[in-house]
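What follows is a set of notes on a single structure, which appears directly below.
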Amino acid sequence: SQELEQSPQSLIVQEGKNLTINCTSSKTLYGLYWYKQKYGEGLIFLMMLQKGGEEKSHEKITAKLDEKKQQSSLHITASQPSHAGIYLCGATPGAGSYQLTFGKGTKLSVIP
Amino acid sequence: GAVVSQHPSWVICKSGTSVKIECRSLDFQATTMFWYRQFPKQSLMLMATSNEGSKATYEQGVEKDKFLINHASLTLSTLTVTSAHPEDSSFYICSAREDRGPYSNQPQHFGDGTRLSIL
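Chains A and B, in that order, are what the protein sequence lines are.
Using our numbering, read the first sequence as starting at 1 and increasing by one per residue.
Using our numbering, read the second sequence as starting at 1001 and increasing by one per residue.
What follows is the structure, encoded as structure tokens:
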């Protein structure tokens, strides 16, 4: 089965600082998804990556998938308190398979 | 777009009660929906895949008779926790995948979750 390892497990940054969260897979990824969750709430879809070397940005968040499709990073520029939450990467194993396997999450705290 | 509504958001009930949780895709059709369980400070654990018009597919270790899933329409799946006991207390989240063909890599869109507390 596919396993996703996220690092770091938790992160505390000062407002305005940049940060990066990593997600590493034990197998080649078919689809890689980034979500954000606030404790006790649902998940908010951020971005989906599918192609090796792909990079997507939305506002101050950029996600990349490496060429080998086994590692993804999520980069936040000039962090704000609104970025605080738990970031989860999820992956589908192959075409036609919709089930997501999630990493354990990275808890981000942003200090004003 | 792509909104998933989950209801109720919070349930407190006595041991032995059955509890039904609804998951609706509001602005898209979803042949496939998913039910997850999340323990405090842990990631999501997939319980079952709900398929419209057919039986749900349960993950290993999940009791089919305890967690009944019905996916009667393209916009609604329900999870019924039967004869709930305190150990069933948890945060349950559903997700729905928009129908755009079997090999279209669409993201799952999640409901806001249901916090279930069994006394």
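Built from N, CA and C at the ideal position, the CB exists for glycine as well.
Note that the structure is a prediction, hence the values are computed from the model and not measured.
Tell me where the beta strand (DSSP E) around residue i begins and ends.
i: Phe45 (chain A); result: Leu43 to Leu49
i: Ser1006 (chain B); result: Inspection of the sequence shows that residue 1006 (chain B) is occupied by Gln rather than by Ser. Gln1006 (chain B) -> beta strand (DSSP E) spans Val1004 to His1007.
i: Lys1020 (chain B); result: Val1019 to Ser1025
i: Val1011 (chain B); result: Trp1010 to Cys1013
i: Gln14 (chain A); result: Ser10 to Gln14
i: Glu5 (chain A); result: Leu4 to Ser7
When the distance is taken between beta carbons, is residue j closer than 8 angstroms to residue i?
i: Thr20 (chain A); j: His75 (chain A); result: yes
i: Tyr30 (chain A); j: Ile44 (chain A); result: no
i: Gly40 (chain A); j: Arg1115 (chain B); result: yes
i: Arg1097 (chain B); j: Ala1056 (chain B); result: no
i: Ser1089 (chain B); j: Gly1016 (chain B); result: no
i: Ile1093 (chain B); j: Leu1044 (chain B); result: yes
i: Leu1046 (chain B); j: Glu1059 (chain B); result: yes
i: Gln6 (chain A); j: Gly90 (chain A); result: no
i: Gln99 (chain A); j: Thr92 (chain A); result: yes
i: Gln80 (chain A); j: Ser25 (chain A); result: no
i: Ser1018 (chain B); j: Val1081 (chain B); result: yes
i: His1109 (chain B); j: Ala1002 (chain B); result: yes
i: Lys114 (chain A); j: Gly85 (chain A); result: Outside the shown range of chain A (1 to 112) lies residue 114 (chain A), about which nothing can therefore be said.
i: Ser97 (chain A); j: Leu32 (chain A); result: no
i: Leu65 (chain A); j: Tyr87 (chain A); result: no
i: Leu1079 (chain B); j: Arg1024 (chain B); result: no
i: Gly52 (chain A); j: Lys27 (chain A); result: no
Who pairs with residue i in a beta bridge, going by DSSP?
i: His75 (chain A); result: A:Thr20 and A:Thr62
i: Lys56 (chain A); result: A:Ala63
i: Gly90 (chain A); result: A:Tyr33 and A:Phe102
i: Phe1091 (chain B); result: B:Gln1038 and B:Arg1115
i: Leu1074 (chain B); result: In DSSP, Leu1074 (chain B) forms no bridge with anything.
i: Ala1084 (chain B); result: DSSP output for Ala1084 (chain B) lists no bridge partner at all.
i: His1109 (chain B); result: B:Ala1096
i: Ser1050 (chain B); result: B:Met1033
i: Phe1028 (chain B); result: The partner list for Phe1028 (chain B) (beta bridge, DSSP) is empty, contrary to what the question assumes.
i: Ser26 (chain A); result: Paired residue(s): none; Ser26 (chain A) is not in a bridge.
i: Tyr39 (chain A); result: BP columns for Tyr39 (chain A) are empty, so no partner.
Interface residues of chain B around residue i at Cβ under 8 angstroms?
i: Gly40 (chain A); result: Phe1091, Gly1113 and Arg1115
i: Gly85 (chain A); result: Those within 8 angstroms of Gly85 (chain A) in chain B number zero; the least Cβ separation is about 13 angstroms.
i: Leu108 (chain A); result: By Cβ distance, chain B contributes nothing, its closest Cβ being about 14 angstroms from Leu108 (chain A), past 8 angstroms.
i: Leu65 (chain A); result: Result: empty, since nearest Cβ-Cβ is about 13 angstroms, beyond 8 angstroms.
i: Leu88 (chain A); result: Ser1043 and Leu1044
Can you name the residues of chain A whose CB is closer than 9 angstroms to the CB of residue i?
i: Leu1046 (chain B); result: Gln99, Leu100, Thr101 and Phe102
i: Arg1097 (chain B); result: Tyr98
i: Thr1049 (chain B); result: Tyr98 and Gln99
Using a C-beta to C-beta distance shorter than 9 angstroms, which residues of chain B count as neighbours of residue i?
i: Gly52 (chain A); result: Near Gly52 (chain A) there are no residues of chain B at all, since even the closest Cβ is about 14 angstroms away, more than 9 angstroms.
When you measure from the CB of residue i to every non-hydrogen atom of the ligand MG, does any distance come out below 7 angstroms?
i: Gln6 (chain A); result: The ligand MG is not among the ligands present in this structure, which contains no ligands whatsoever.
Show which residues of chain A have a CB atom less than 7 angstroms away from the CB atom of residue i.
i: Phe1110 (chain B); result: Gly42 and Leu43
i: Val1008 (chain B); result: Looking at the sequence provided, one finds Pro at residue 1008 (chain B) rather than Val. Chain A residues near Pro1008 (chain B): none, gap ~14 angstroms exceeds 7 angstroms.
i: Thr1032 (chain B); result: Tyr98
i: Pro1107 (chain B); result: Tyr33, Phe45 and Met48
By the criterion of Cβ-Cβ separation under 7 angstroms, what are the contact partners of residue i in chain B?
i: Gly105 (chain A); result: Ser1043
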